[in-house]
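>
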Amino acid sequence: MAAALAMVAAGLAVLAVAGGGSAGGELTLVMLAVSGLVGFAALVALGPLLVGALAATAGRTVGALGRGPGRLAVANARQVPRRTAATIAVLTLSVGLTSALLVALAQTEAGAQRTIARQFPTEIIITAPDPGNVAALAQRLGTDPVLRVRAEGDQVLVDPALGVAVSAARSAVDRALGPDALVSYAGDLRAELESTIATARLIGLGLVGMTVLVAVVGVGVTLMLSVTERTRETGLLRAVGLTRGGVRSMVAWEAALSGVAAAVVGALIGAGYGLLGVRVLDAGLESWAIPWSQLAVVVAGLVVTAVLAAVAPAVRAARTPPILAVSA
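Residue numbers (full-length UniProt numbering): 1 to 328.
As structure tokens, this is what we get:
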């Protein structure tokens, strides 16, 4: 069943990309969204199997870093694979949405920057009302030492001279032509683009942030339930010598294990769907523009947040008296 869902998700993604572009319309975007939902369902269905593989892969590393508490955390994850998988799936969804948004915006911004660069081969473009005046206009501006000027068609292309700031070149053009000239500045378009992308990123992250908040609360609730169910086991561990700090560390390692797995898988899947979304919308997928630093912050932030969500369950587990726990 899970394998079938994964194949359906992949098929829908391929069909969406194949039918993408300006002629693809909204249907291809809907297909890509459905592909993501089906893929998430497949991830949930395959979750318990993936938890076993994760525990086997990360067991040695976590055991080496976390020693006894780390090894206990891996064993706990194996003991309740469905619950661990559910926690990872929710976190993966939040990271995937965030990563897809960041990658799509980065690709869109890079594509728009390339378009601006093609349309503006120079920093300043002056359109002459009368094509016959282009040469005279270029000659007049060319006398200013802070400008590099050339005529092309009905336009005069202007760049700052070597070592001259763009602002100084703009001031020179404004002084020479006055406020009524038809002047276009590449810097203004770039600033407007950056402002638009920043606003879209802020709004998008605000909406996705609600998903992240729900996921983190879910991690805390799941760990609290797990700690409550393992009261007797925790008491036995305390009775044989595990300290309160060791208990807290064990619960923290459980959260970290889920957080790392969800962050890595979510970032990879989200980045892939972000690129596919740009391709479907034909928004300028000419080259890779992956925001690695932003994705790294997302991954690290999720792991830290997951560990912080484990604070209350860890404190509760550590406060359980060994004798009371054994008799529970």
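No residue lacks a Cβ here, since even glycine has one placed at the ideal position from N, Cα and C.
Does the region 111-123 come close enough to the region 258-270 that 3 or more CB-CB pairs lie under 8 Å?
These segments do not touch.
> Please list the segments of the beta strand (DSSP E) lying wholly inside the region 154-203, counting only runs of 3 or more residues, in order along the chain.
Entirely contained in the region 154-203, the beta strand (DSSP E) runs reaching 3 residues are, in chain order, 155-160 and 182-185.
> DSSP three-state label for Thr228, please.
One-based indexing of the sequence shown puts residue 228 at position 228. DSSP places Thr228 in helix when its eight states are reduced to three.
> At the level of alpha carbons, what is the spacing between Ser171 and Val164?
Here residue 171 refers to the residue found at position 171 of the sequence shown. Here residue 164 refers to the residue found at position 164 of the sequence shown. Looking at the two C-alpha atoms, the distance is approximately 11 Å.
> Roughly how many whole angstroms lie between the Cα atoms of Ala100 and Ile197?
Taking the first residue of the sequence shown as 1, we reach residue 100 at position 100. Taking the first residue of the sequence shown as 1, we reach residue 197 at position 197. The alpha-carbon atoms of Ala100 and Ile197 are separated by roughly 14 Å.
> Which class does Val149 belong to by DSSP, given the choice of helix, strand or coil?
Within the sequence shown, the letter at position 149 stands for residue 149. Looking at Val149 - three-state DSSP - the assignment turns out to be strand.
> What is the DSSP secondary structure of Ile88, counted as helix, strand or coil?
As a first step, residue 88 is located in the sequence shown; it is residue number 88 there, counting from the start. Ile88: helix per DSSP, three-state reduction.
> Kindly list the residues whose CB is nearer than 7 Å to the CB of Val251, restricted to its own chain and excluding five residues on each side of it in sequence; keep chain order.
As a first step, residue 251 must be located in the sequence shown, where it is residue number 251. These residues qualify, in order along the chain: Leu223, Val227, Ala310, Pro313, Ala314 and Ala317.
> What does the alpha-carbon distance come out to for the pair Thr211 and Arg232?
As a working note, residue 211 is residue 211 in the sequence shown. As a working note, residue 232 is residue 232 in the sequence shown. Answer to the nearest angstrom: the Cα atoms are 34 Å apart.
> Which residue's Cα is closest to the Cα of residue 329: Leu202, Pro322, Leu37 and Glu254?
The question about residue 329 has no answer, for the chain in this structure spans 1 to 328.
> Name the residue from Val304, Thr108, Ala42 and Leu308 whose alpha carbon lies nearest to the alpha carbon of Trp288.
Taking the sequence shown and counting its residues from 1, one reaches residue 288 at position 288. When only C-alpha atoms are compared, the closest one is Thr108.
> In terms of alpha-carbon separation, which member of Val299, Gly245 and Ala41 lies closest to Ser258?
As a first step, residue 258 must be located in the sequence shown, where it is residue number 258. Ser258 has its Cα closest to that of Val299, out of Val299, Gly245 and Ala41.
> By the 10 Å Cβ neighbour count, where 16 or more other Cβ atoms means buried, how is Asn76 classified, buried or exposed?
In the sequence shown, counting from the first residue as 1, residue 76 sits at position 76. Buried is the call here.
> Out of Leu50, Ala104 and Thr84, which one is the CA nearest neighbour of Gly272?
Position 272 of the sequence shown, counted from the start, is the residue given in the question as residue 272. That would be Ala104, whose Cα lies nearest to the Cα of Gly272.
> Which value, in whole angstroms, describes the spacing of the CA atoms of Thr320 and Phe40?
Against the sequence shown, residue 320 aligns to sequence position 320. Against the sequence shown, residue 40 aligns to sequence position 40. Cα to Cα, the separation comes out at about 37 Å.
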